[in-house]
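Numbering-wise, the sequence shown is residues 1 to 311 according to full-length UniProt numbering.
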Amino acid sequence: MDESGMTEGLAHAEALMIEGQNDEALDVLLGIAEDAEEYVDRNCPTTDEVQWFSFPTIFERLAYRRVEKDPRELRDVGEPMDRLYGDLALAAVHTGDYDIATNALKQAVRWNPMGCENRLNLADLFRVNGDINEYLALTYSVFERASDARHLARAFANFSEYFLVQQKPRTAAAALRAGRRLGVRERALDHALDQAAGTTHDPDLVGDDEARDLLAQEGLPDGANAEIAICLLMCATDAAQAGQQDVATNLTVRARDLVGEDASMALLRLIRQSDEDLAADQGAAGKEDAPGEKGAADGAEGTAGGDADGR
Numbered sequence: 001m002d003e004s005g006m007t008e009g010l011a012h013a014e015a016l017m018i019e020g021q022n023d024e025a026l027d028v029l030l031g032i033a034e035d036a037e038e039y040v041d042r043n044c045p046t047t048d049e050v051q052w053f054s055f056p057t058i059f060e061r062l063a064y065r066r067v068e069k070d071p072r073e074l075r076d077v078g079e080p081m082d083r084l085y086g087d088l089a090l091a092a093v094h095t096g097d098y099d100i101a102t103n104a105l106k107q108a109v110r111w112n113p114m115g116c117e118n119r120l121n122l123a124d125l126f127r128v129n130g131d132i133n134e135y136l137a138l139t140y141s142v143f144e145r146a147s148d149a150r151h152l153a154r155a156f157a158n159f160s161e162y163f164l165v166q167q168k169p170r171t172a173a174a175a176l177r178a179g180r181r182l183g184v185r186e187r188a189l190d191h192a193l194d195q196a197a198g199t200t201h202d203p204d205l206v207g208d209d210e211a212r213d214l215l216a217q218e219g220l221p222d223g224a225n226a227e228i229a230i231c232l233l234m235c236a237t238d239a240a241q242a243g244q245q246d247v248a249t250n251l252t253v254r255a256r257d258l259v260g261e262d263a264s265m266a267l268l269r270l271i272r273q274s275d276e277d278l279a280a281d282q283g284a285a286g287k288e289d290a291p292g293e294k295g296a297a298d299g300a301e302g303t304a305g306g307d308a309d310g311r
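Shown next, in the form of structure tokens:
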């Protein structure tokens, strides 16, 4: 399976969907998926020691390690599998085939567990199918993994709606307040806020402290996972050092949107200080090496620098 061939095929299918040719796009994507699955079956066996993924960037890989704590060796399948199945799900929804869409989104989440848009879209399909428990479980999983504040806002909106159905208006208001505090525009949250204004679940009826307590009683956080912000800022620091300023800026802005300006700057200072301390420790250790040992020490450091998590 040729990666550039898959990428070209996906671009073609996406263009068909833009033009409204959803049936044709679905046929193209089903063919690509069949070829991809045959390739995976032949070349990417999952074992107790090895798992294959399709992380778009080093950030998702690092975040997966820190959040999931998966001890297995992570290998890159070398293909945009999450994009393939995300596209397949979209085409299937457009043609009304929700079974194909559900199965495709399950595969998208499997290949990139940090992809929260796919998690939320899959949650919506379970809700449509009447499976509220799976809908809530998938929505809840976003709180730990979200690296885009809009996905976090959408998760809060989902839970606010659920709490309202459960006749817990103040908890619904708390969820909306937490989502609004992120300061991003997200369609589901914006709609929920408009509907809540002047009602018993208006987010202005609860303060930040009460909102935090109400959400905690339901086992929910009132904001982003700091570990995700740390991963974003670690990758931003590496990108800046590599001269990739656009990438560094994007990652830093995402972290800021998740935890706020003050917290993200404080975390960034801690990361930089940690990097400086590590460099100083390595420099001191290098000076203590005997001349005959220096080559071995350098070789060991080179191996550490090539760690799969990029740090």
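Yeah, the Cβ is synthetic: ideal placement off N, Cα and C, and Gly gets one too.
If we ignore side chains and look at the alpha-carbon of each, how far apart do residue i and residue j end up?
i           : j       : result
Val-247     : Thr-57  : 11 Å
Gln-217     : Tyr-85  : 36 Å
Gly-243     : Leu-258 : 24 Å
Glu-79      : Phe-53  : 9 Å
Asp-41      : Ala-33  : 12 Å
Gly-305     : Asn-22  : For Gly-305, the predicted structure reports a pLDDT of 36, less than 50, and the residue's modelled location is therefore unreliable. A value from the coordinates is still provided. Their backbone Cα atoms lie some 45 Å apart in a straight line.
Leu-215     : Leu-62  : 28 Å
Ala-89      : Leu-105 : 6 Å
Glu-117     : Ala-157 : 14 Å
residue 313 : Gly-283 : With the chain covering 1 to 311 only, the question about residue 313 has no answer from this structure.
Gly-299     : Asp-281 : Its pLDDT being 39, under 50, Gly-299 is placed unreliably in this model, and the coordinates cannot settle the point.
Asp-148     : Val-184 : 10 Å
Ile-132     : Val-93  : 19 Å
Lys-69      : Leu-125 : 28 Å
Tyr-39      : Asp-27  : 19 Å
Glu-134     : Val-142 : 13 Å
Asp-194     : Ser-160 : 13 Å
For chain D, find out if any of its Cβ atoms is closer than 9 Å to the Cβ of residue i; answer yes or no.
i      : result
Asp-27 : Considering every chain present, this structure includes no chain D. It has just one protein chain.
For residue i, count neighbouring C-beta atoms within 10 Å of its own C-beta (all shown protein chains included) and say buried if the count is 16 or more, exposed if not.
i       : result
Pro-71  : exposed
Ser-264 : buried
Asp-107 : Here residue 107 is Gln; the residue named in the question, Asp, does not match the sequence. Buried: at least 16 other Cβ atoms inside 10 Å.
Ala-172 : buried
Asp-87  : buried
Leu-16  : buried
Ile-100 : buried
Ala-13  : buried
Val-206 : buried
Ser-274 : exposed
Ala-197 : exposed
Ala-91  : buried
Asp-277 : exposed
Leu-270 : exposed
Ala-192 : buried
Pro-83  : Reading off the sequence shown, one finds Arg at residue 83, where the question assumed Pro. With 16 or more other Cβ atoms within 10 Å, it is buried.
When the distance is taken between beta carbons, is residue j closer than 9 Å to residue i?
i       : j       : result
Thr-252 : Leu-232 : yes
Arg-150 : Ala-174 : no
Leu-122 : Ala-155 : no
Glu-144 : Ile-230 : no
Glu-60  : Met-114 : yes
Trp-111 : Val-67  : no
Met-81  : Ala-25  : no
Gly-260 : Leu-152 : no
Thr-102 : Asn-129 : yes
Ala-279 : Leu-267 : no
Asn-225 : Ala-146 : yes
Leu-10  : Leu-29  : yes
Arg-65  : Cys-44  : no
Glu-210 : Arg-272 : no
So the alpha helix (DSSP H) residue i belongs to, where does it begin and stop?
i       : result
Leu-182 : Premise fails: Leu-182 is in no alpha helix (DSSP H) and is neither H nor E.
Glu-117 : 116-128
Phe-159 : 149-165
Asp-131 : Per DSSP, Asp-131 belongs to no alpha helix (DSSP H) and is neither H nor E.
Leu-193 : 187-196
Would you mind reading off the limits of the beta strand (DSSP E) that contains residue i?
i       : result
Leu-205 : Taken as a continuous stretch (DSSP letters only), Leu-205 belongs to no beta strand (DSSP E), as it is neither H nor E.
How about the segment 46-53 and the segment 3-19: do they share at least three Cβ pairs that are nearer than 8 Å? The segment 46-53, when compared against the segment 3-19, does not touch it at the 8 Å Cβ threshold.
When you compare the segment 225-242 with the segment 176-183, are there three or more beta-carbon pairs, one atom per stretch, that lie closer than 8 Å? no
When the Cβ atoms of the segment 152-168 are set against those of the segment 191-201, are three or more pairs found closer than 8 Å? yes
At least 3 beta-carbon pairs within less than 8 Å: the segment 184-199 vs the segment 127-141: no
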